Amino acid sequence: MSGALVAAVLADPARAATLTPDQWNALIAAARAEQLIGSVATRLEGMPVPVARLLSDARASAEQGRVAALWEAEAARRALAPLGVLIVLLKGTAFVAAGLDAGRGRAIGDLDILVPREALDAVETALLTAGWEWVKPDPYDDAYYRRWMHELPPLIHRTRDRMIDVHHTILPPTARPTPDAALLIADAVPLGNGLSVLCPEDMVVHAAAHLFADGDLQGGLRNLWDIDRLVREFTDADPDFCLSVMERAAWHQLGPAVARALRLARRIYGTPLKEYDWPARIRFAPRRSDALFARRLLARDGWGRLRHKGTEFGFYVRSHWLRMPPAMLARHLWKKFRKK
Amino acid sequence: MRYATMLRIGPVGFRIGSDWRGPIDQLRDLYRDFPQPADGIVDFNVRLFAARPWRRFVRPSVMIGGDFTIPDAAPLPLAQGVLAAEMGMNLQMALAQRRYLLLHASAVERDGRALLMTGESGAGKSTLAALLMTRGWRLMGDEFALLDPATGHIHAFPRLVSLKNEAIGVMERAASGGRFGPLLAGTPKGDIRHLVPDAAAIAAMDRAVAPALLLFPTFGQASDVRVVEPAETFVRLTQASTNYVAMGERGFDALTGLVARLPVRAIDYPDTDTALALVERLWGELT
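One line per chain: the protein sequences are A and B, in this order. Each residue of the first sequence is one higher than the one before, starting from -13 at the first, in the working numbering. Each residue of the second sequence is one higher than the one before, starting from 43 at the first, in the working numbering.
Here it is in structure tokens:
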């Protein structure tokens, strides 16, 4: 599968020297489909490859995306400044705002922020006043978000046409693990410009939670690349980062999700992981089920299409199973079915 | 994909894959004089596919996909497969071209300088460009003009000329020796027939040239010429560009640079002969 080729080139850019034209076409199509073309372009910068011009366009595009994402974050800061609440940037915008490796070449779509739950109503009002509008007019969806989700229904800015997701924690309250949202906010790191980012451990925990405890692995190869970059950069600064991230994960009830994310990052991107016997026994031995996750993550073919439809559907079902208790899931699917 | 072909239009290479043989055969035939992408590596991929496996055979309808897609693209009947491929290629350009500022304009060249024509759909920019092609101008493109931010030059994108409705008959008469695609009746935009750019257009498609004149043609009015001020031109061109916002500062610099140095006229014309005479007159007044 060409998804594997994307991963191989990201992990080892020297692989690019051996590619045939067909492999280049497949790599580019799959990387675009996984929103990883900017990351590939960043990794191959300066190498004498036949697609240098295309990759340079991709880097310019990612750079423009970075500027636009930071501007969007600043717009939210200005809108929320009078409230005096802590604004924690999440995901791509956080990576570029903090100048992390994970942000280099990364595609950034929506602006994701985390605010204290008690500030949610005030934040919503302030954003609506400042030009953001509801995206989902459906009353069921709206009510569902408000009652059961970890974020407000998505808002879009009237003139800039950019979405904002306002989170109050990192997993839906209906999911089985309950991360410590107060701790996420208490330990957030201020950037000095009125915005904050999660502390390094929580960044990895959040990326893993998003990947393995919530969604259906759509775009998972990109999220796993984030995790690889984050772990490598934070391990350079603190050789025992793996230990502290696993301790942190346990506190957020996300130990299994984070362990799976680290195992798969090592499997797919060769992320170096350190194992421990003390103060806790931490091993990253491969599990048999990891193969199934890898199959889903690497399922792009040379035209950027998803293969293994059965696996894809299986993970779609799993994402709903993880997100809600069975009776609620049945009610939710029934409502959605009736509306079709 | 089951069937595939590659082609290059100006500086842009495409790979087009299809679940059916028909559209690929037609593309190969219509684009047979075009070069292949450099090094066999393309800029964009387009996919023509069946929504469900059995829809390859039962009431076959062509979904348009590719590296970049919009969620609500409507499928086309298999008989309009070439149109689907053309729309797929246009979509890649409109959504993801980042090397050039994309102007929704036709372009023709004479004496090493380009004439650009832009306007709303139906203004006649395709037809006028195709007619000028039959009168010794080099066709650079009937849909997109590619403005290079680094040089200020226009790169050609001479894809198949897309003739709609009345323009089909006009060009069948004016370019009787030309190569035409099949008549596609009843498309979402009415009747469409493609015209292959002539040999001169294909041979010179890698030659970028400086723009010399921009026209905003309007069909159906009494003959008239009006000077368009730079501020109005700038705003109209931001609306005529699909990637102006995405290009950021580079796009702004390229567009303000273009507007600052380019003479611009709005021309109204009741018929194509009048339009062609106006074009020749304005072009002659340039030097």
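Even glycine gets a Cβ: it sits at the ideal position worked out from N, Cα and C. Quick caveat: nothing in here was measured; it's all calculated off a predicted structure.
So with CB distances below 7 Å, who are the chain A contacts of residue i?
i: Gly82/B; result: Pro7
i: Asp109/B; result: Ala15, Arg18, Gly290
i: Arg89/B; result: Trp289
Would residue i and residue j be called neighbours here (beta carbons separated by less than 8 Å)?
i: Asp310/B; j: Ala282/B; result: no
i: Leu284/A; j: Gly(-11)/A; result: yes
i: Leu297/B; j: Tyr286/B; result: yes
i: Val150/B; j: Met182/B; result: yes
i: Pro259/B; j: Gly161/B; result: yes
i: Ala333/A; j: Thr79/A; result: A query on residue 333/A cannot be resolved here, the shown segment of chain A reaching from -13 to 326 and no further.
i: Ala187/B; j: Met247/B; result: no
i: Val74/A; j: Leu184/A; result: yes
i: Gly241/A; j: Ala247/A; result: no
i: Arg253/A; j: Asp226/A; result: no
i: Leu97/A; j: Arg148/A; result: yes
i: Ser168/B; j: Leu226/B; result: no
i: Val270/B; j: Val306/B; result: yes
i: Leu22/A; j: Leu207/A; result: yes
i: Ala266/A; j: Met232/A; result: yes
i: Pro163/A; j: His238/A; result: yes
i: Gly256/A; j: Ala(-3)/A; result: yes
i: Ala242/B; j: Ile196/B; result: no
How is residue i classed by DSSP in three states: helix, strand or coil?
i: Asn285/B; result: coil
i: Thr229/B; result: strand
i: Tyr142/B; result: coil
i: Ser60/B; result: strand
i: Lys260/A; result: coil
i: Pro272/B; result: helix
i: Ser204/B; result: strand
i: Ser230/A; result: helix
i: Asn87/B; result: strand
i: Gly348/B; result: Only positions 43 to 329 of chain B appear in the structure, and residue 348/B is not among them; the question remains open.
i: Ser218/B; result: coil
i: Thr169/B; result: helix
i: Leu158/B; result: strand
i: Asp214/A; result: helix
i: Pro259/B; result: strand
i: Glu322/B; result: helix
i: Met310/A; result: coil
i: Ser305/A; result: helix
i: Tyr73/B; result: coil
i: Asp8/A; result: helix
i: Ala46/B; result: strand
i: Gly24/A; result: helix
Could you check which residue in the options has the C-alpha nearest to that of residue i?
i: Leu90/B; options: Ala115/B, Pro79/B, Gly82/B, Ser60/B; result: Ser60/B
i: Pro77/B; options: Trp62/B, Arg63/B, Ile66/B, Phe56/B; result: Phe56/B
i: Val(-5)/A; options: Trp211/A, Lys322/A, Val231/A; result: Trp211/A
i: Gly205/A; options: Glu20/A, Ala15/A, Ala2/A; result: Glu20/A
i: Gly108/B; options: Arg101/B, Glu271/B, Asp85/B, Asp75/B; result: Asp85/B
i: Ala17/A; options: Gly290/A, Thr297/A, Arg324/A; result: Gly290/A
i: Met43/B; options: Ile66/B, Arg50/B, Leu49/B, Pro53/B; result: Ile66/B
i: Ala335/B; options: Gly262/B, Ala317/B, Gly52/B; result: No answer is possible for residue 335/B: it lies beyond the span of chain B, which begins at 43 and ends at 329.
i: Ala93/A; options: Asn209/A, Ala(-7)/A, Pro158/A, Ala174/A; result: Asn209/A
i: Phe81/A; options: Asp214/A, Trp264/A, His238/A, Ile268/A; result: Asp214/A
i: Ala3/A; options: Glu31/A, Met(-13)/A, Leu22/A, Ala59/A; result: Glu31/A
i: Gly178/B; options: Gly211/B, Pro239/B, Gly52/B, Met129/B; result: Pro239/B
i: Asp8/A; options: Ala0/A, Leu(-9)/A, Pro(-1)/A; result: Leu(-9)/A
Taking C-beta pairs closer than 9 Å, name the residues in chain A that residue i reaches, listed in chain order.
i: Arg63/B; result: Neighbours of Arg63/B on chain A: none; closest Cβ ~17 Å, over 9 Å.
i: Arg57/B; result: Asn11, Ala15, Trp289
With residue i and residue j assumed to form a contact (beta carbons below 8 Å), what rounded beta-carbon distance in angstroms separates them?
i: Ala251/A; j: Val217/A; result: 7 Å
i: Met131/B; j: Ser148/B; result: At roughly 16 Å, the Cβ-Cβ gap does not stay under 8 Å, so Met131/B and Ser148/B are not in contact.
i: Leu76/A; j: His192/A; result: 7 Å
i: Leu141/A; j: Trp120/A; result: 6 Å
i: Thr47/B; j: Arg70/B; result: 5 Å
i: Ala194/A; j: Ala161/A; result: That belief does not hold up - the Cβ atoms of Ala194/A and Ala161/A are roughly 13 Å apart, past 8 Å.
i: Leu203/A; j: Arg282/A; result: 5 Å
Can you list the residues of chain B that residue i reaches, using a CB-CB cut of under 9 Å?
i: Pro158/A; result: Within 9 Å Cβ-Cβ: nothing; Pro158/A doesn't reach chain B, min ~24 Å.
Show which residues of chain D have a CB atom less than 7 Å away from the CB atom of residue i.
i: Gly290/B; result: No chain D is present in this structure, whose protein chains are A and B.
Starting from the beta carbon of residue i, find every residue of chain B whose beta carbon is closer than 7 Å, and list them in chain order.
i: Ser47/A; result: Arg140
i: Leu40/A; result: Asp85
i: Pro36/A; result: Asp81, Ile83
i: Asp339/A; result: Since the displayed chain A opens at -13 and closes at 326, residue 339/A lies outside it and no answer follows.
i: Trp10/A; result: Ile83
Name, please, each residue of chain A whose Cβ falls closer than 8 Å to the Cβ of residue i.
i: Met43/B; result: Trp289
When you measure from the CB of residue i to every non-hydrogen atom of the ligand ZN, does any distance come out below 7 Å?
i: Gly52/B; result: The ligand ZN is absent from the structure shown, which contains no ligands of any kind.
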